[in-house]
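Engineer: As they're listed, the protein sequences go chains V and C.
The C-terminal residue of the first sequence carries number 214 in the UniProt record's numbering, and the numbering is unbroken.
The C-terminal residue of the second sequence carries number 214 in the UniProt record's numbering, and the numbering is unbroken.
Once you've had a glance at the structure underneath, I'll fire off some questions.
There are 2 protein chains.
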Amino acid sequence: MQIAFVLYDGFTSLDAIGPYEMLSRLPGAETVFVAEEAGPVQNDQGTLVVAAERALHEVTAPDIVLVPGGPGSRRAMLDETVLAWLRTADATSTWTTSVCTGSHLLAAAGLLEGRRATSHWLALDDLVPFGAEPTGERVVFDGKYVTAAGVSSGIDMALHLLGRIAGDEVARTVQLLTEYDPQPPYDAGSPQKAPQRLVAQWRTRAGLVLGADA
Amino acid sequence: MQIAFVLYDGFTSLDAIGPYEMLSRLPGAETVFVAEEAGPVQNDQGTLVVAAERALHEVTAPDIVLVPGGPGSRRAMLDETVLAWLRTADATSTWTTSVCTGSHLLAAAGLLEGRRATSHWLALDDLVPFGAEPTGERVVFDGKYVTAAGVSSGIDMALHLLGRIAGDEVARTVQLLTEYDPQPPYDAGSPQKAPQRLVAQWRTRAGLVLGADA
Chain V
1 MQIAFVLYDG FTSLDAIGPY EMLSRLPGAE TVFVAEEAGP VQNDQGTLVV AAERALHEVT
61 APDIVLVPGG PGSRRAMLDE TVLAWLRTAD ATSTWTTSVC TGSHLLAAAG LLEGRRATSH
121 WLALDDLVPF GAEPTGERVV FDGKYVTAAG VSSGIDMALH LLGRIAGDEV ARTVQLLTEY
181 DPQPPYDAGS PQKAPQRLVA QWRTRAGLVL GADA
Chain C
1 MQIAFVLYDG FTSLDAIGPY EMLSRLPGAE TVFVAEEAGP VQNDQGTLVV AAERALHEVT
61 APDIVLVPGG PGSRRAMLDE TVLAWLRTAD ATSTWTTSVC TGSHLLAAAG LLEGRRATSH
121 WLALDDLVPF GAEPTGERVV FDGKYVTAAG VSSGIDMALH LLGRIAGDEV ARTVQLLTEY
181 DPQPPYDAGS PQKAPQRLVA QWRTRAGLVL GADA
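The structure is reproduced here in structure tokens:
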């Protein structure tokens with residue numbers, strides 16, 4: 001089982017590495033980081049550089065496709081090479097997945113039309129023009145399409161996937177070995193739970209956060 | 001405020017990237033990935049390559065030091081260059097921190113003697129020969145020394161740190177923007193919560209998991 005993680009400049013690191021950490025522990029799985037060209041790819045902060053091992057055209061039929069989000073998704077979703085690759089990979093994939101605004105790339109490739117999907121809470125509405133039905137849920141399964149909400153939610157998505165693919169025992173093992181027993185010291189991780197003042201403040205700055213100008 | 005993330009071959013990716021994702025959002029923070037030599041560093045799975053921007057000797061006085069864990073920690077904790085750097089950096093740091101078996105490097109450098117600390121649940125006992133007092137807690141503060149348990153716990157540690165450094169408002173903002181509202185589909189993330197059969201099975205295989213042979 002080959003799992004392809006799609007990188008592009010301006011991706012958000014945890015969107016990719018969270019699920020990578022969990023899914024790479026799937027027995028028999030081969031993980032590969034891919035980008036338009038093989039080589040270094042810079043994250044949204046400009047301070048992390050990850051190597052894409054393969055160019056997109058070198059990985060033609062992954063079993064799982066995972067697209068992270070990040071401010072760079074605004075540019076990537078206009079890149080016909082990326083979108084064409086997503087359509088081709090999706091034609092034979094078992095699971096086509098995204099984290100955060102990675103769902104915008106899937107949507108722009110035409111893969112989420114008529115489907116329930118999710119994204120970063122600040123970017124849910126951007127799915128609508130592509131015919132997707134945004135939900136506020138953390139992880140959304142619609143057939144083989146699996147989308148996760150903002151940044152950290154990819155870890156939860158990966159555990160769901162591990163359960164579906166390899167069963168509860170494997171998923172629980174990965175959770176135990178990664179000691180994923182979250183104990184955040186605050187309870188502000190969603191727009192429903194955070195102070196409403198903060199939520200309102202960031203809604204007005206959404207373009208800035210999500211890189212409308214990128 | 002400069003935050004140095006120490007890389008070495010065989011590090012566990014989420015140990016580093018989880019806290020990096022959260023701490024890099026601290027206003028005014030400068031993050032830097034460092035390793036014995038600048039350049040590519042491979043993770044424990046051998047499928048992720050992250051660039052260390054600077055060599056250790058180029059970063060002499062970071063405000064925060066963060067050491068991730070991973071099977072490669074067994075070798076790194078015998079590396080006198082790394083240990084000497086940790087002692088020097090610690091002499092002027094505001095916070096000296098670790099995730100997972102990263103605490104073994106701090107311990108081997110002599111920094112945790114007489115201190116409460118934590119590590120991956122399978123590796124707590126390995127802190128004892130260095131004079132540290134292992135606890136089963138997820139995040140342990142002892143003065144400026146902050147240690148987190150296995151892999152994913154670095155995310156919680158980072159939120160604690162953000163709160164101490166910049167206040168609750170900033171920490172809640174980072175939690176909201178990373179949508180860190182964990183909803184794992186299983187409840188097996190600690191040896192107390194996981195099926196005891198699994199826990200026992202992995203205790204007998206601890207050397208394999210944590211890379212005793214690495």
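Virtual Cβ for every residue (Gly too), placed ideally from N, Cα, C.
Computed from a prediction, not measured in an experiment: that's the story for all the values here.
Verify whether the separation of the beta carbon atoms of Gln-45 (chain C) and Ser-98 (chain V) is less than 7 Å.
Structural biologist: No.
Engineer: Measuring only between beta-carbons, confirm whether Gln-2 (chain V) sits less than 7 Å from chain C.
Structural biologist: So, not an interface residue.
Engineer: Any beta-carbon of chain V closer than 7 Å to the one on Gln-183 (chain C)?
Structural biologist: Yes, because at least one Cβ of chain V sits closer than 7 Å to the Cβ of Gln-183 (chain C).
Engineer: DSSP three-state label for Leu-7 (chain C), please.
Structural biologist: Looking at Leu-7 (chain C) - three-state DSSP - the assignment turns out to be coil, as it is neither helix nor strand.
Engineer: Have a look at the DSSP bridge pairing and note the partners of Phe-141 (chain C).
Structural biologist: C:Val-146.
Engineer: So is Ser-119 (chain C) in contact with chain V if we call contact Cβ pairs under 7 Å?
Structural biologist: No, because no Cβ of chain V sits closer than 7 Å to the Cβ of Ser-119 (chain C).
Engineer: Determine the burial state of Asp-187 (chain C): buried for a count of at least 16 other Cβ atoms within 10 Å of its Cβ, exposed for fewer.
Structural biologist: So Asp-187 (chain C) ends up on the exposed side.
Engineer: Along chain V, which residues have their Cβ under 9 Å away from the Cβ of Pro-195 (chain C)?
Structural biologist: Here the neighbours are Glu-169, Arg-172 and Leu-176.
Engineer: Can you tell me whether Gly-150 (chain V) is buried or exposed, with buried defined as 16 or more other CB within 10 angstroms of its CB?
Structural biologist: So Gly-150 (chain V) ends up on the buried side.
Engineer: Against Gly-102 (chain V), what residues of chain C qualify as contacts under a CB-to-CB distance less than 8 Å, listed in chain order?
Structural biologist: Going along chain C, no residue has its Cβ under 8 Å from Gly-102 (chain V), so there is no contact; the nearest lies around 13 Å.
Engineer: So, is the C-beta of Leu-198 (chain C) closer than 7 Å to a C-beta in chain V?
Structural biologist: Chain V, which has a Cβ nearer than 7 Å to the Cβ of Leu-198 (chain C), makes this yes.
Engineer: Does the beta carbon of Glu-21 (chain C) sit closer than 7 Å to a beta carbon anywhere in chain A?
Structural biologist: The chain labelled as chain A is not found among the protein chains of the depicted structure, namely V and C.
Engineer: Select from V:Val-170, V:Arg-203 and V:Gly-167 the residue whose C-alpha is nearest the C-alpha of His-120 (chain V).
Structural biologist: Comparing Cα positions, the closest option is V:Arg-203.
Engineer: Pick from V:Glu-58, V:Val-65 and V:Gly-28: whose alpha carbon is nearest that of Gly-39 (chain V)?
Structural biologist: Checked all of V:Glu-58, V:Val-65 and V:Gly-28; the closest Cα to Gly-39 (chain V) is V:Glu-58.
Engineer: Could you check the C-alpha separation between Thr-96 (chain V) and Phe-130 (chain C) for me, to the nearest Å?
Structural biologist: For Thr-96 (chain V) and Phe-130 (chain C), the distance between alpha carbons rounds to 47 Å.
Engineer: Identify the contact partners of Gly-70 (chain V) in chain C, using a Cβ-Cβ distance below 7 Å as the criterion.
Structural biologist: Ordered by position in chain C, no residue passes the 7 Å Cβ test against Gly-70 (chain V), which lies about 11 Å from the chain.
Engineer: Report the rounded CA-to-CA distance for Leu-112 (chain C) versus Gly-70 (chain C), giving the unit in angstroms.
Structural biologist: Distance between the alpha carbons of Leu-112 (chain C) and Gly-70 (chain C) is about 19 Å.
Engineer: For Leu-7 (chain C) versus Ala-52 (chain C), is the C-beta spacing smaller than 7 Å?
Structural biologist: Result yes, Cβ atoms of Leu-7 (chain C) and Ala-52 (chain C) sit closer than 7 Å.
Engineer: If Gly-189 (chain C) and Asp-181 (chain V) are in contact, beta carbons under 8 Å, what's the gap, nearest whole angstrom?
Structural biologist: Between Asp-181 (chain V) and Gly-189 (chain C) the Cβ distance is about 3 Å, and since that is below 8 Å, they are a contact.
Engineer: Would you call the stretch 72-85 of chain C and the stretch 101-109 of chain C in contact, with 3 or more CB pairs under 8 Å?
Structural biologist: Flag = yes, the stretch 72-85 of chain C and the stretch 101-109 of chain C touch.
Engineer: What is the rounded straight-line gap between the Cα of Val-67 (chain V) and the Cα of Gln-2 (chain V)?
Structural biologist: Each residue's Cα considered, the two are about 14 Å apart.
Engineer: Glu-37 (chain V): buried (16+ other C-beta within 10 angstroms of its C-beta) or exposed?
Structural biologist: Glu-37 (chain V) comes out exposed.
Engineer: Tell me whether Ala-212 (chain V) sits in a helix, a strand or coil according to DSSP, three-state version.
Structural biologist: At Ala-212 (chain V), the pLDDT of 44 sits below 50, so the modelled position is not reliable; the number obtained from the coordinates is stated separately. Coil, per DSSP.
Engineer: Is it right to say Thr-147 (chain V) is buried, meaning 16 or more other beta carbons lie within 10 angstroms of its own, or is it exposed?
Structural biologist: Its Cβ being crowded by 16 or more others within 10 Å, Thr-147 (chain V) is buried.
Engineer: What does Ala-35 (chain V) pair with, by DSSP beta-bridge criteria?
Structural biologist: In the DSSP output, where bridge partners are listed per residue, Ala-35 (chain V) has V:Ala-55.
Engineer: Let me check understanding here. Comparing Cα to Cα, which of V:Thr-92, V:Val-34, V:Val-139 and V:Arg-115 lies closest to Met-157 (chain V)?
Structural biologist: The candidate whose alpha carbon is nearest that of Met-157 (chain V) is V:Val-139.
Engineer: Just list the residues that DSSP pairs Ser-93 (chain C) with in beta bridges.
Structural biologist: Answer by DSSP bridge pairing: none, since Ser-93 (chain C) is not bridged.
Engineer: Label Asp-126 (chain C) either buried or exposed according to how many other C-beta atoms from any shown protein chain fall within 10 Å of its C-beta, with 16 as the threshold for buried.
Structural biologist: Flag for Asp-126 (chain C) reads buried.
Engineer: Can you list, in chain order, the residues of the stretch 129-163 of chain V whose Cβ is nearer than 8 Å to any Cβ on chain C?
Structural biologist: Result list: Arg-138, Val-139, Ala-149, Gly-150, Val-151, Ser-152, Ser-153, Ile-155, Asp-156, Leu-159, His-160 and Gly-163.
Engineer: Please decide whether Glu-179 (chain C) counts as near chain V, where near means a Cβ-Cβ distance under 7 Å.
Structural biologist: Yes - at least one Cβ of chain V is within 7 Å of the one on Glu-179 (chain C).
Engineer: Can you list the residues of chain C that Ser-24 (chain V) reaches, using a CB-CB cut of under 7 Å?
Structural biologist: Within 7 Å Cβ-Cβ: Gln-45 and Thr-47.
Engineer: Taking CB distances under 7 Å as the criterion, tell me whether Thr-31 (chain C) reaches chain V.
Structural biologist: True, the Cβ-Cβ gap to chain V drops below 7 Å.
Engineer: When we look at the beta-carbon of Arg-172 (chain V) and count the other beta-carbons within 10 Å, is it buried (16 or more) or exposed?
Structural biologist: Burial call: buried.
Engineer: By a C-beta neighbour count over all protein chains shown, 10 Å radius and 16 as the cutoff for buried, is Glu-21 (chain V) buried or exposed?
Structural biologist: By the neighbour-count rule (16 or more Cβ atoms within 10 Å), Glu-21 (chain V) is buried.
Engineer: Measuring only the C-alpha atoms, how far is Arg-197 (chain C) from Ser-152 (chain C)?
Structural biologist: Going from the Cα of Arg-197 (chain C) to the Cα of Ser-152 (chain C) covers about 22 Å.
Engineer: For the alpha helix (DSSP H) that Leu-198 (chain V) lies in, which residues bound it at each end?
Structural biologist: Leu-198 (chain V) -> alpha helix (DSSP H) spans 196-204.
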